[in-house]
Amino acid sequence: MTLERRDILRGAALAGLGATLPTGALANTVSPTAIDPIAAVAPELRPAARQIQAMVAAMPPITQAYRTMRAGPQPPPATDIPQVERRIPGAAGQPPVTVYVINAKPGTRRPAILHTHGGGYIVGSAKGSILQCQDLARQLDCVVVTVEYRLAPETTYLGSVADNHAALLWLNANAATLGVDPARIAVMGESAGGGHAALLALMARDRRSVPLCAQVLIYPMLDDRTGSTRAVPPFIGRIGWDAPANIFGWTCFLGQAPGGAAVPAAGVPARVRHLSGLPPTFIAVGSVDLFVEEDVDYARRLIVAGVPTELVVTPGGFHGFDAVAPDTGLARRFTAAKIAALRRAFGSDGTAT
Numbered sequence: 001m002t003l004e005r006r007d008i009l010r011g012a013a014l015a016g017l018g019a020t021l022p023t024g025a026l027a028n029t030v031s032p033t034a035i036d037p038i039a040a041v042a043p044e045l046r047p048a049a050r051q052i053q054a055m056v057a058a059m060p061p062i063t064q065a066y067r068t069m070r071a072g073p074q075p076p077p078a079t080d081i082p083q084v085e086r087r088i089p090g091a092a093g094q095p096p097v098t099v100y101v102i103n104a105k106p107g108t109r110r111p112a113i114l115h116t117h118g119g120g121y122i123v124g125s126a127k128g129s130i131l132q133c134q135d136l137a138r139q140l141d142c143v144v145v146t147v148e149y150r151l152a153p154e155t156t157y158l159g160s161v162a163d164n165h166a167a168l169l170w171l172n173a174n175a176a177t178l179g180v181d182p183a184r185i186a187v188m189g190e191s192a193g194g195g196h197a198a199l200l201a202l203m204a205r206d207r208r209s210v211p212l213c214a215q216v217l218i219y220p221m222l223d224d225r226t227g228s229t230r231a232v233p234p235f236i237g238r239i240g241w242d243a244p245a246n247i248f249g250w251t252c253f254l255g256q257a258p259g260g261a262a263v264p265a266a267g268v269p270a271r272v273r274h275l276s277g278l279p280p281t282f283i284a285v286g287s288v289d290l291f292v293e294e295d296v297d298y299a300r301r302l303i304v305a306g307v308p309t310e311l312v313v314t315p316g317g318f319h320g321f322d323a324v325a326p327d328t329g330l331a332r333r334f335t336a337a338k339i340a341a342l343r344r345a346f347g348s349d350g351t352a353t
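Just so you know, we're using the numbering used here here: the sequence shown kicks off at 1 and counts up by one.
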């Protein structure tokens, strides 16, 4: 096993790319044997898609022992944006939580992002997302706090959601010390991190704990029924993150098989009935990402609930394409839309917050 393979498995805190599982029977799925998944990918993204395919094919299936190999060398953080590791109190009865505070400047009142990393709920790390968060802080002149939440299956959603909410409470309580304007706090995440950001926004609403100015959900992992009890078109979800991997991730996260009637809505944003009262939302996903249908449906439901919502669907974009092919035109436009949404939420585009 090479470092590159392990980094792909861990997701590098972006999209959880490269996770593979032994194939098995999936309810209502269409056999993909006659489908070339590359044909549905945008032409400029096909070289990256082929590289991912080759790396995934060379990897062993995920086993419990292999999945737990999470630790490893991380790229060094940038030197121009300060970052510090902090150990903060967890929720009542829960262990302390590690966070990385990026670009704090006491004495200022700048916007902030509470960031949750990706990795299928089972891999990835906040430490591995520091460079990404430093880039956000640089572009937006904001503070970013990224959370080293506990991963499944060592904890179910109950533990990781509690960790993220504890971090949000800490960020809000320490706004003055960190140089943060408490009226301009957004939550953001990619893939499973997008699912966590959505769960965090729901918890903050339900508990009336921290008012949020936005939730920014990048190809979020929102619905346990995708690929388990709901059919996936054969050309969707074949690159980067597939239905078997999704079932595995949700099984670990929920502590039970996904897709059933007994799955708790508290762990699955798409199962929450009422979405009114959530903050303005930005959702972005590729058209051949496994999560495209659930993300589009979540955006539709937010709109019907009266939540100001922007949805971006990139034609031919696979899961995590912006992370693995950042210099392509499609990835640049995808990222620009995300940054523009954050600027609007923060009032730094000339509009009022």
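Yeah, the Cβ is synthetic: ideal placement off N, Cα and C, and Gly gets one too.
Limits of the unbroken alpha helix (DSSP H) element including residue i
i	result
A299	292 to 304
A192	192 to 207
L212	From DSSP, L212 is part of no alpha helix (DSSP H); its letter is neither H nor E.
F253	243 to 254
R343	329 to 346
L131	130 to 140
V324	321 to 324
V263	Note, V263: premise wrong, no alpha helix (DSSP H); not H, not E.
P106	P106 -> no alpha helix (DSSP H), and no H or E assigned at all.
A48	46 to 57
Chain-order list of residues whose beta-carbon lies under 7 Å from that of residue i (same chain, five-residue window excluded)
i	result
A337	A284, V312
I113	L136, C142, V144, A186, M188
T2	In this prediction, T2 has a pLDDT of 31, which is less than 50 and means its spatial position is unreliable; what the coordinates show is noted afterwards. Excluding positions up to five away in sequence, the list is empty.
M203	V161, H165
K105	G179
Q64	Residue confidence for Q64 is low, a pLDDT of 46 falling below 50, so the modelled location carries little weight; the figure read from the coordinates is stated next. Excluding sequence neighbours, Q64 sits near nothing in its chain.
T328	E44, L45
N172	P182, I185, V210
Cβ-Cβ distance between residue i and residue j below 7 Å
i	j	result
V97	H115	no
S191	G118	yes
A176	P280	no
A40	V288	yes
I130	Y100	yes
F282	V216	yes
A371	L212	Outside the shown range of the chain (1 to 353) lies residue 371, about which nothing can therefore be said.
P37	I247	no
E310	A345	no
L278	R205	yes
S276	A305	yes
F321	G347	no
Nearest-angstrom Cβ-Cβ length linking residue i and residue j, presumed shorter than 8 Å
i	j	result
Q77	Q132	Looking at the sequence itself, residue 77 is Pro, so the reference to Gln does not match. Actually they are not in contact, since the Cβ atoms of P77 and Q132 sit about 10 Å apart, beyond 8 Å.
Y121	L151	7 Å
A166	P89	7 Å
A243	G237	6 Å
Q94	G193	Not confirmed; about 19 Å, so no contact.
L290	G195	Actually they do not touch by this definition, with Cβ atoms about 13 Å apart.
L140	R343	7 Å
Cβ-based neighbour list, residue i, same chain, cut-off 8 Å, excluding 5 preceding and 5 following
i	result
P326	R332, T335
R109	G179, V180, D181
S31	Bear in mind that the predicted position of S31 carries a pLDDT of just 47, short of 50, making it unreliable; the figure below should be weighed with that in mind. For S31, where only same-chain residues beyond five positions count, the Cβ hits under 8 Å are P234.
A265	R271, V272, R273
D349	A340, R343
Close Cβ partners of residue i (< 6 Å) along its chain, the five nearest in sequence each way excluded
i	result
G249	G120, Y121, I122
Y356	The structure shown does not extend to residue 356, since the chain spans only 1 to 353, so no value can be given for it.
R138	I81
P308	P280
V84	V101
I35	P234, F235
R86	V99, V101
T146	Y100, H115, A126, S129, C133
Residue i, enclosing beta strand (DSSP E) - first and last residue
i	result
P111	110 to 116
Y157	No beta strand (DSSP E) contains Y157, which is instead part of the alpha helix (DSSP H) from 157 to 173.
A92	Segment: none, A92 is in no beta strand (DSSP E) and carries neither H nor E.
F282	281 to 286
I88	83 to 88
V313	309 to 314
V145	143 to 148
Any C-beta of chain B under 7 Å from that of residue i
i	result
I113	In summary, chain B is missing from the structure at hand, where a single protein chain is found.
contact_flag[the segment 255 to 272, the segment 181 to 193] where n(CB pairs < 8 Å) is 3 or more: no
Spell out a yes or no on whether the segment 317 to 327 and the segment 41 to 55 are touching, meaning 3 or more CB-CB pairs, one atom from each, closer than 8 Å. yes
Say whether the segment 216 to 234 touches the segment 282 to 298, bearing in mind that this needs 3 or more beta-carbon pairs closer than 8 Å, one atom from each stretch. yes
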